[in-house]
Amino acid sequence: MICPFCGHNQDSVVESRFNNNANILRRRRQCLSCHRRFTTYEKIETPSLWIIKRDGSRQIFDKHKIKAGLLKACNKRPVKIDDIDGLIDKVEQELLRKNQSEISSKQIGGAILRRLRHLDEVAYIRFASVYLDFDNINDFDQLINKLDKSHNG
Ligand SMILES: [Zn+2]
């Protein structure tokens, strides 16, 4: 790093702090020449994921959009925002691990639903009905039946 005070290009790192939520590494540095301190921020770039929709069009994987959808599904349900954020992070990690740059909307919907079901079943059904875009009401009936069965057994 170039010292902002004297232009010297060598420093020592005094302190490093990683902000998990923002993926930012903050470093306090001390110039080896003038000994003054300055701060740098490193942002870890996450690779972008593309969603292939049913009609073949592409859309970037957008956490905010997914969060908005989940918040709607969790409206008036006892689900914490932290849990929703955690769910989205886990889904993103799972998708990134697959090492594909393109993922079908069905895969993403499935990954979200698997986890949402553990959080809240009402939210799960709401999200499923919107996200999976059921072809007909029979699909929805089947889903409800499956849930009923898992409740009884
Ligand atoms: Zn300096």
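Each number in this note's numbering corresponds to the 1-based position in the sequence shown with 387 added.
Beta carbons: idealized from backbone N, C-alpha and C, even for Gly.
Note that the structure is a prediction, hence the values are computed from the model and not measured.
Anticipated Cβ contact below 8 Å, residue i with residue j, distance rounded
i: G456; j: F514; result: 7 Å
i: R416; j: R404; result: Actually they are not in contact, since the Cβ atoms of R416 and R404 sit about 13 Å apart, beyond 8 Å.
i: L482; j: I495; result: 7 Å
i: Q446; j: I453; result: With a Cβ gap of about 11 Å, Q446 and I453 do not count as contacting.
i: V466; j: A510; result: 6 Å
Residue i in three-state terms, based on DSSP
i: R484; result: helix
i: I389; result: coil
i: N396; result: coil
Proximity winner among the options, relative to residue i (alpha-carbon distances)
i: C421; options: F405, W437, D398, S435; result: D398
i: E489; options: K440, I389, R501; result: K440
i: I475; options: D442, I499, A460; result: I499
i: Q487; options: T426, C390, V400, L436; result: L436
i: I431; options: N406, S491, V509; result: N406
i: R424; options: R501, N410, R445, V400; result: V400
i: L458; options: D507, R445, Q480, M388; result: D507
i: I411; options: K493, G497, E429, Q446; result: E429
i: V478; options: D449, A409, C461; result: D449
i: I468; options: L503, K485, D442; result: L503
i: S491; options: D442, V517, C390, T426; result: D442
i: L419; options: R464, S444, N396; result: N396
i: E402; options: S516, C390, T426, G394; result: T426
i: V517; options: M388, S444, C461; result: C461
i: H451; options: K463, S444, G473; result: G473
i: R464; options: C390, I512, M388, G394; result: I512
Under 6 Å, CB to any heavy atom of ligand 1. Which residues pass, going along the chain?
C390, F392, C393, H395, C418, S420, C421, R423
Segments of 3+ residues assigned as beta strand (DSSP E) that fall wholly inside the segment 398 to 459
398 to 406, 411 to 418, 424 to 430, 437 to 439, 445 to 447
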